[in-house]
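>
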Amino acid sequence: MRIRATVAAVSGALALSAFVVPAAQADNAAPSYKAEASKVLGTSGKTAFSATTDTADLGVTFSNLKIASAVKVGTTNHVSTTVTYTLTHGADYVLNSDDYDNGPLIYKGSADAPDNMLFGDDAATCTATSTTTASCKGLIDIYPADGELLNSDSGTWSAGAVALQYSTDDSSATFGLGSTKVQRYSKLTVNAGPEPVTKGRTITSTGKLSRANWEDNLYHGYTNQPVKLQFRKAGTSTYTTVKTVTSDSTGNVKATATAASDGYWRFSFAGTTTTPAVNATGDYVDVR
Numbered sequence: 000m001r002i003r004a005t006v007a008a009v010s011g012a013l014a015l016s017a018f019v020v021p022a023a024q025a026d027n028a029a030p031s032y033k034a035e036a037s038k039v040l041g042t043s044g045k046t047a048f049s050a051t052t053d054t055a056d057l058g059v060t061f062s063n064l065k066i067a068s069a070v071k072v073g074t075t076n077h078v079s080t081t082v083t084y085t086l087t088h089g090a091d092y093v094l095n096s097d098d099y100d101n102g103p104l105i106y107k108g109s110a111d112a113p114d115n116m117l118f119g120d121d122a123a124t125c126t127a128t129s130t131t132t133a134s135c136k137g138l139i140d141i142y143p144a145d146g147e148l149l150n151s152d153s154g155t156w157s158a159g160a161v162a163l164q165y166s167t168d169d170s171s172a173t174f175g176l177g178s179t180k181v182q183r184y185s186k187l188t189v190n191a192g193p194e195p196v197t198k199g200r201t202i203t204s205t206g207k208l209s210r211a212n213w214e215d216n217l218y219h220g221y222t223n224q225p226v227k228l229q230f231r232k233a234g235t236s237t238y239t240t241v242k243t244v245t246s247d248s249t250g251n252v253k254a255t256a257t258a259a260s261d262g263y264w265r266f267s268f269a270g271t272t273t274t275p276a277v278n279a280t281g282d283y284v285d286v287r
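The sequence shown: position 73 = 72 (numbering that gives the first Met the number 0), numbered continuously.
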């Protein structure tokens with residue numbers, strides 16, 4: 000499910016409604032937190048959607064949000080990241096009641112018109128720290144194989160949180176509380192040879208830099224990227240950069256160096272905003 004939403008701010012928090020009622024609610028089944036959060040802040044599918052502010056604000060605000068600096072997402076595996084924050088509420092919000100839930104969210108683009116929005120499967124768990132505040136912990140759950148992400152979604156996302164009342168459809172949300180990078184998982188290989196090699200001869204290392212494509216759930220070469228050739232002498236623990244090469248039109252990399260001593264050769268990619276850093280597993284070459 001990919002969530003697209005357009006929302007409007009009301010006095011610091013957001014009071015929101017949507018036009019789609021999940022089937023579970025229509026059948027009077029127990030509400031699903033993710034379905035309700037999606038209903039309030041957007042709709043499933045990839046069609047743009049707008050919401051109006053005709054629900055009452057619950058009077059809940061959020062602060063002190065903390066989230067990982069980056070979330071690395073591959074092509075098929077479910078990925079989750081933990082979010083913590085402080086919830087502040089009034090007497091009308093009953094913490095840990097079956098009728099009230101809250102949880103974190105992340106969104107790509109502006110709060111008023113996000114390109115995409117992601118939630119956790121379940122509501123956050125909260126522990127009261129006073130009569131009006133609570134310490135909360137929740138997850139953001141991402142399923143790339145379900146079409147939740149486009150390649151253009153990679154990069155910086157903003158974070159916030161939303162509170163819900165199921166019986167009334169009332170809600171409050173606070174945006175712009177932090178940020179994280181949602182990145183296309185990267186892979187890097189290396190094969191160094193010949194092996195064994197005579198001292199003073201040339202060692203050639205080949206490999207490929209690739210990253211997840213969220214639109215076809217495959218890995219494709221990451222082109223025109225700087226990749227370092229690095230060497231670690233046998234018996235030591237530190238890699239040293241020998242030279243930097245550039246990945247070609249299919250993500251392949253190739254570099255040569257002179258054989259001086261036994262050791263491990265690898266490629267290293269420093270990463271970008273959209274793609275995390277990655278090191279190939281060192282390939283040992285015996286020099287004689």
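Glycine is no exception: its CB is placed at the ideal position from the N, C-alpha and C atoms.
1. Compute the beta-carbon to beta-carbon distance between Gly137 and Gly119, rounded to the nearest angstrom, for a pair I have assumed lies under 8 Å.
2. What residue from Thr197, Ser185, Thr222, Thr205 has the CA that sits closest to Ala211's CA?
3. Ala256 to Val277, Cα distance in whole Å?
4. Quick check on the DSSP output: the beta strand (DSSP E) that includes Val196 runs from which residue to which?
5. Look at Ala172 and Val181 and say whether their C-beta atoms are less than 8 Å apart.
6. What do you reckon, are the CB atoms on Tyr84 and Leu64 nearer than 8 Å?
7. List the residues that DSSP assigns as beta-bridge partners of His219.
8. How is the alpha helix (DSSP H) around Ser37 delimited, first residue to last?
9. Suppose you measure from the CA of Leu149 to the CA of Phe266; what does that come to, to the nearest Å?
10. So, for Gly73: in the same chain, excluding its five sequence neighbours on each side, which residues have a beta-carbon less than 6 Å away from its beta-carbon?
11. Measure the CB-CB distance between Ile139 and Thr60 and report whether it falls below 8 Å.
12. Out of Gln229, Leu117, Ala254, Ala259, which one is the CA nearest neighbour of Thr205?
13. Quick one: using the 10 Å Cβ neighbour count with 16 as the cut-off for buried, is Ser37 buried or exposed?
14. Have a look at Ser153, Val226, Leu40 and flag the residue whose alpha-carbon is nearest the alpha-carbon of Trp264.
15. For Tyr92, tell me which candidate among Glu147, Lys242, Asp169 has the shortest Cα-Cα distance.
16. Under a three-way DSSP split, which group does Asp282 fall into?
17. What's the C-alpha gap between Ala133 and Ala67?
18. Looking only at its own chain, which residues have a Cβ that is under 8 Å from the Cβ of Ala279, when we skip the five neighbours before and after it?
19. What whole-angstrom Cβ distance do Phe230 and Val241 have, given they're in contact under 8 Å?
20. Excluding the 5 residues flanking Asn216 on each side, which residues of the same chain have their C-beta closer than 8 Å to its C-beta?
21. By the 10 Å Cβ neighbour count, where 16 or more other Cβ atoms means buried, how is Gly102 classified, buried or exposed?
22. Could you check what DSSP says for Ala67 in three-state terms: helix, strand or coil?
23. How many angstroms separate the CA atom of His77 from the CA atom of Lys71?
24. Need the endpoints of the beta strand (DSSP E) that Tyr99 sits in, please.
25. Using the DSSP secondary-structure output, state which residues sit across from Gly89 in a beta bridge.
26. List the whole-angstrom C-beta distance separating Ile105 from Ser151, where the pair is believed to meet the contact cut-off of C-beta under 8 Å.
According to the structure data:
1. 5 Å between Cβ atoms; contact.
2. Residue nearest to Ala211 within the set Thr197, Ser185, Thr222, Thr205 is Ser185 (criterion: CA-CA distance).
3. Spanning the two alpha carbons is a distance of roughly 21 Å.
4. From DSSP, Val196 is part of no beta strand (DSSP E); its letter is neither H nor E.
5. Taking the C-beta atoms as reference points, Val181 is found no nearer than 8 Å to Ala172.
6. In contact: Tyr84 and Leu64 (Cβ atoms closer than 8 Å).
7. Answer by DSSP bridge pairing, in chain order: Arg210.
8. Ser37 -> alpha helix (DSSP H) spans 32-40.
9. Inter-residue distance for Leu149 and Phe266 is about 28 Å (C-alpha atoms, whole angstroms).
10. Within the same chain, Gly73 has close Cβ partners Tyr184, Ala211.
11. The Cβ atoms of Ile139 and Thr60 do not sit closer than 8 Å to each other.
12. Selection Gln229, Leu117, Ala254, Ala259 evaluated against Thr205 yields Ala254 as nearest (Cα-Cα).
13. Buried, since its Cβ has 16 or more Cβ neighbours within 10 Å.
14. For Trp264, the nearest C-alpha among the options comes from Val226.
15. Taking the Cα of Tyr92 as reference, the smallest distance to any Cα among Glu147, Lys242, Asp169 is reached at Asp169.
16. If DSSP states are grouped into helix, strand and coil, Asp282 belongs with the strands.
17. Distance from the CA of Ala133 to the CA of Ala67, rounded to the nearest whole angstrom, comes to 21 Å.
18. Leu187, Thr188, Val189, Gly206, Arg265, Phe266, Ser267, listed in sequence order.
19. 5 Å between Cβ atoms; contact.
20. Taken in chain order, the residues that qualify are Thr74, Thr75, Pro143, Ala144.
21. A residue is called buried when at least 16 other Cβ atoms come within 10 angstroms of its Cβ; Gly102 meets this threshold and is buried.
22. Here Ala67 sits in coil by DSSP.
23. One C-alpha to the other measures close to 11 Å.
24. Counting along the chain, the beta strand (DSSP E) containing Tyr99 begins and ends at 99-108.
25. Bridge partners of Gly89 according to DSSP: none are assigned.
26. Actually they are not in contact, since the Cβ atoms of Ile105 and Ser151 sit about 15 Å apart, beyond 8 Å.
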